[in-house]
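Asks: Mind having a look at this structure? Questions to follow.
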Ligand code: SF4
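Chains as they are written, first to last, in my numbering: chain V, 1078 to 1553; chain Y, 74 to 259.
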């Protein structure tokens, strides 16, 4: 049998942290796709033996894009070990930083990494298909995107003095307060940030209209969804409980405590990837694929917490008559709706009279052996689970990472798009970009597992079964 | 706004090895100043742009440690292609958090994630597909494999420090880290 393989990998296969093998059958049709995630750093092991209180500063180093989400899941696990709660003001400050990170990550995903596809085109010159290409052709949009990301980062910097791997989040609360000057300096940004997000929504809606067929048919396999919600099912990022829904929108589990995660989630290691395959335990490995992240959070939520985002959310819900929207392409739209809610929520928090209070930390000590915390990273729910001995030294660390949970579906989406766009020997550069942009829809924070944040440079090789090269295509 | 001397544009690469991407994110934190960089240099290879095989470049910023066979090959390749190779951030300079696994045998590190994790089911396999990179037993910093021309410490280095160093190199000056703002390890 002449089984052909297409191998997509970053040039020279060395920057590569993720690559794709597409297997073809005898008739030149795609038969399988394997999404290889190519990085492993071993936090589960090397944290053993350290004090649990070190975790909120070690674990953000899992990922430079969502460090604050890791810190928050980690600090919540620590607070469970101590049996204490943060102060009211500390919660406000944590929320602000978390919103900031979500916003800058979404801005990066949309403006820096994805907008070139929308504004310049999938088939445009790869050398220009990036944020600097946007800066040449649409300087205004590039600048807006850069500044939106900057605002998100400032929300952390103005509180803790650092934008990435912030240090001030500690068990029981915060190490730094927000000053009045910094509060005012942040409030100034709000109108501009709202305008930028709305401009982004305009761009994506226009793209939806002009490419209706492609958007509607882009990797649409239904899955289950998991996300954090508030007590009334409202959209939540920092501190809520978990909700699972099925592909029709029926609620499978609601108001689960993150501490129950092992009852509902299992994962399987696979031979072809360093990223494990989690699934919804009651449905088993084959039927239990679920997704997390902005699309999932909006699919599970009953409503948004802020006015403008709520209006947009209602439009989103109409798209499939109130049922979950499955197309991977809608990750972009939902990411922007979330960004809108982030900015509105930031304004609400900054206007809370308590936000500048200096009552920011409760003090605790080691009390319990086990702690589990969760938070919503830009790319989805993540869990930190620690067990300690009676001196507080870690005996066990388990981390369930957002991108990991989208892994099974990413793999399946890649297969779907490959089937649609790759036919026999007919492989065009723009087509490869489409396969890859499927991955980009998920905005995989492959750093949490591996990287490839941007548009991976690619070589595609079509090989026959014996490994003889039939065709080679290089991007660029 | 900065003034520009007339000179030919430089070529800049930013590469991401065994790190967390935080150094690259800090690079993006130079915000609007990225447009100043773009006036002096073409970013020919970076996770944020589409790119071909790495061409000859004037400057390569390399984030992360050497953790695998592929990183090892890549850093040799970068050394050949780059006139100035900069170890970018603590992981590149001295392995930092990425190197914390060096205290344990690789098999134990693997097993903690792929065999013993409490959330794992019983049917998993340890990753080993030929398309995956092979992890080295020990993580090493860049200068253990190649000569490094300059280091920028920090986890991540502050955006101001990054911009200062880049801007000096792009203007053919040797940066003086004593003048960099917010300079520190960690
Ligand atoms: S030095 Fe710090 S920020 Fe940079 S890659 Fe390493 S852990 Fe991430």
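Glycine residues also receive a C-beta, built at the ideal position from the N, C-alpha and C atoms.
Are any of the Cβ atoms in chain Y nearer than 8 Å to that of residue 1334 of chain V?
Replies: Sequence index remark: in the first chain, residue 1334 of chain V carries index 257 (1-based). Output row for residue 1334 of chain V: interface = no.
Asks: Return helix, strand or coil for residue 1453 of chain V, following the three-state DSSP convention.
Replies: The count along the first chain starts at 1 and reaches residue 1453 of chain V at position 376. For residue 1453 of chain V, the three-state secondary structure derived from DSSP is strand.
Asks: For residue 1212 of chain V, which residues in chain Y fall below 9 Å Cβ to Cβ?
Replies: Reading the first chain from its first residue, position 135 is the one you call residue 1212 of chain V. Those are 107, 108, 111, listed as they occur along chain Y.
Asks: Taking all protein chains shown into account, decide if residue 1194 of chain V is buried (16 or more other Cβ within 10 angstroms of its Cβ) or exposed.
Replies: To locate residue 1194 of chain V, count along the first chain from 1; it is residue 117. It counts as buried.
Asks: Could you name each continuous alpha helix (DSSP H) segment of 4 residues or more that falls completely within the region 1168-1241 of chain V, going from the start of the chain to the end?
Replies: 1192-1196, 1208-1214, 1216-1237
Asks: Once you ignore the five residues that flank residue 102 of chain Y on each side, which residues in its own chain have a CB closer than 7 Å to its CB?
Replies: By one-based count along the second chain, residue 102 of chain Y stands at place 29. So the list reads 232, once near-sequence residues are dropped.
Asks: Can we count residue 171 of chain Y as close to the ligand SF4, meaning its CB is less than 7 Å from some heavy atom?
Replies: Taking the first residue of the second chain as 1, we reach residue 171 of chain Y at position 98. Taking non-hydrogen atoms of the ligand SF4 into account, the C-beta of residue 171 of chain Y is found less than 7 Å away from one of them.
Asks: Strictly by DSSP, which residues pair up with residue 1434 of chain V?
Replies: The count along the first chain starts at 1 and reaches residue 1434 of chain V at position 357. Note: residue 1434 of chain V sits in no beta bridge, so no partner.
Asks: Nearest chain V C-beta to residue 199 of chain Y closer than 8 Å, yes or no?
Replies: As a working note, residue 199 of chain Y is residue 126 in the second chain. At a cut-off of 8 Å between C-beta atoms, residue 199 of chain Y counts as an interface residue with respect to chain V.
Asks: As an exercise, report each continuous beta strand (DSSP E) stretch of at least 3 residues that is fully enclosed by the region 126-150 of chain Y, in chain order.
Replies: For secondary structure counted as the beta strand (DSSP E) over 3 or more consecutive residues, the region 126-150 of chain Y holds these complete runs in sequence order: 130-136, 139-141.
Asks: Once the 5 residues before and after residue 1350 of chain V are set aside, which same chain residues still bring their CB inside 6 Å of it?
Replies: Position 273 of the first chain, counted from the first residue, corresponds to residue 1350 of chain V. Excluding positions up to five away in sequence, the list reads 1113, 1114.
Asks: Chain Y partners of residue 1129 of chain V, CB-CB under 9 Å?
Replies: Reading the first chain from its first residue, position 52 is the one you call residue 1129 of chain V. Against residue 1129 of chain V, chain Y offers no close residue; the least beta-carbon distance is about 16 Å (beta-carbon pairs closer than 9 Å).
Asks: Using a Cβ-Cβ cut-off of 8 Å (strictly less than) and excluding sequence neighbours within five positions of residue 1169 of chain V, which residues of its own chain qualify?
Replies: In the first chain, counting from the first residue as 1, residue 1169 of chain V sits at position 92. Apart from the 5 residues on each side of it in sequence, residue 1169 of chain V sits with its Cβ closer than 8 Å to the Cβ of 1426, 1429, 1431, 1432 in its chain, given in chain order.
Asks: Assuming residue 1321 of chain V contacts residue 1339 of chain V (C-beta within less than 8 Å), just tell me the rounded distance between them.
Replies: Position 244 of the first chain, counted from the start, is the residue given in the question as residue 1321 of chain V. Position 262 of the first chain, counted from the start, is the residue given in the question as residue 1339 of chain V. Actually they do not touch by this definition, with Cβ atoms about 14 Å apart.
Asks: Helix, strand or coil: how does DSSP classify residue 1488 of chain V here?
Replies: The sequence position of residue 1488 of chain V within the first chain is 411, counting from 1. Correct three-state label for residue 1488 of chain V: helix.
Asks: List the residues that DSSP assigns as beta-bridge partners of residue 1473 of chain V.
Replies: Position 396 of the first chain, counting from 1, holds the residue named residue 1473 of chain V. Paired residues: V:1464.
Asks: Does the ligand SF4 have even one heavy atom less than 7 Å from the beta-carbon of residue 1141 of chain V?
Replies: In the first chain, the residue the question calls residue 1141 of chain V occupies position 64. Checking the Cβ of residue 1141 of chain V against the ligand SF4 gives yes.
Asks: Measuring CA to CA, which of V:1364, V:1436, V:1376, V:1122 is closest to residue 189 of chain Y?
Replies: Within the second chain, the letter at position 116 stands for residue 189 of chain Y. Checked all of V:1364, V:1436, V:1376, V:1122; the closest Cα to residue 189 of chain Y is V:1122.
Asks: What are the start and end residues of the alpha helix (DSSP H) that includes residue 182 of chain Y?
Replies: Start at 1 with the first residue of the second chain, and residue 182 of chain Y comes out as number 109. Per DSSP, residue 182 of chain Y belongs to the alpha helix (DSSP H) from 179-187.
Asks: Could you check how far apart the C-beta atoms of residue 1406 of chain V and residue 1494 of chain V are, in whole angstroms? I think they sit under 8 Å.
Replies: Looking up residue 1406 of chain V in the first chain gives position 329. Looking up residue 1494 of chain V in the first chain gives position 417. So it is not a contact: roughly 10 Å between Cβ atoms.
Asks: If the cut is a Cβ gap below 7 Å, which residues of chain V does residue 236 of chain Y touch?
Replies: Indexing the second chain from 1 puts residue 236 of chain Y at position 163. Going along chain V, no residue has its Cβ under 7 Å from residue 236 of chain Y, so there is no contact; the nearest lies around 13 Å.
Asks: Per DSSP, what kind of secondary structure is residue 107 of chain Y in: helix, strand or coil?
Replies: Stepping through the second chain from its first residue, residue 107 of chain Y is reached at position 34. The answer is helix: DSSP assigns residue 107 of chain Y an H, G or I state.
Asks: Beta strand (DSSP E) containing residue 1259 of chain V: first to last residue?
Replies: Numbered from 1 along the first chain, position 182 holds the residue referred to as residue 1259 of chain V. Residue 1259 of chain V -> not in any beta strand (DSSP E); alpha helix (DSSP H) instead, spanning 1257-1264.
Asks: Could you have a look at residue 1319 of chain V and say whether DSSP puts it in helix, strand or coil?
Replies: Counted from its first residue, the first chain places residue 1319 of chain V at position 242. Correct three-state label for residue 1319 of chain V: strand.
Asks: My guess is that residue 1446 of chain V and residue 1314 of chain V are in contact by the Cβ rule of under 8 Å, so how many angstroms apart are they, rounded?
Replies: In the first chain, counting from the first residue as 1, residue 1446 of chain V sits at position 369. In the first chain, counting from the first residue as 1, residue 1314 of chain V sits at position 237. Their Cβ separation, rounded to whole angstroms, is 28 Å, which puts residue 1446 of chain V and residue 1314 of chain V out of contact at 8 Å.
Asks: What is the DSSP secondary structure of residue 1530 of chain V, counted as helix, strand or coil?
Replies: Reading the first chain from its first residue, position 453 is the one you call residue 1530 of chain V. Confidence at residue 1530 of chain V is low in this model, with a pLDDT of 31, below 50, so the placement of that residue should be treated as unreliable; the coordinate-derived value is given next. Of the three classes helix, strand and coil, the one that applies to residue 1530 of chain V here is coil, per DSSP.
Asks: Along the beta strand (DSSP E) that carries residue 1304 of chain V, what are the first and last residues, could you check?
Replies: On the first chain, residue 1304 of chain V is found 227 positions in, with the first residue counted as 1. First-last of the beta strand (DSSP E) with residue 1304 of chain V: 1301-1306.
Asks: By the 10 Å Cβ neighbour count, where 16 or more other Cβ atoms means buried, how is residue 1210 of chain V classified, buried or exposed?
Replies: As a working mapping, residue 1210 of chain V is identified with position 133 in the first chain. The residue is buried, with at least 16 neighbouring Cβ atoms inside 10 Å.
Asks: Are the region 1390-1397 of chain V and the region 1145-1155 of chain V touching, with three or more C-beta to C-beta distances below 8 Å?
Replies: no
Asks: Would you say residue 1470 of chain V faces chain Y, with C-beta separation under 8 Å as the test?
Replies: Position 393 of the first chain, counted from the first residue, corresponds to residue 1470 of chain V. It does not; no Cβ of chain Y falls within 8 Å.
Asks: Compare the C-beta of residue 74 of chain Y against all C-beta atoms of chain V and say whether one is closer than 8 Å.
Replies: Locating residue 74 of chain Y in the second chain gives position 1, where the first residue counts as 1. Only weak support exists for where residue 74 of chain Y lies, its pLDDT of 47 falling under 50; the value from the coordinates is given anyway. Not an interface residue.
Asks: Which of the three DSSP states, helix, strand or coil, is assigned to residue 342 of chain Y?
Replies: Nothing about residue 342 of chain Y can be reported from this structure: the residues present for chain Y run from 74 to 259 only.
Asks: In chain V, what lies closer than 7 Å to residue 181 of chain Y by C-beta?
Replies: Start at 1 with the first residue of the second chain, and residue 181 of chain Y comes out as number 108. Within 7 Å Cβ-Cβ: 1122.
Asks: If contact means a Cβ-Cβ distance below 7 Å, which residues of the region 147-179 of chain Y contact chain V?
Replies: 147, 150, 170, 171, 173, 174, 176, 177
Asks: May I have the straight-line CA-CA distance separating residue 135 of chain Y from residue 1359 of chain V, to the nearest angstrom?
Replies: Taking the second chain and counting its residues from 1, one reaches residue 135 of chain Y at position 62. Taking the first chain and counting its residues from 1, one reaches residue 1359 of chain V at position 282. Approximately 44 Å, taken between the alpha carbons.
Asks: Is the region 89-99 of chain Y in contact with the region 157-167 of chain Y, if contact means three or more CB pairs nearer than 8 Å?
Replies: Under the three-pair Cβ rule at 8 Å, the region 89-99 of chain Y counts as touching the region 157-167 of chain Y.
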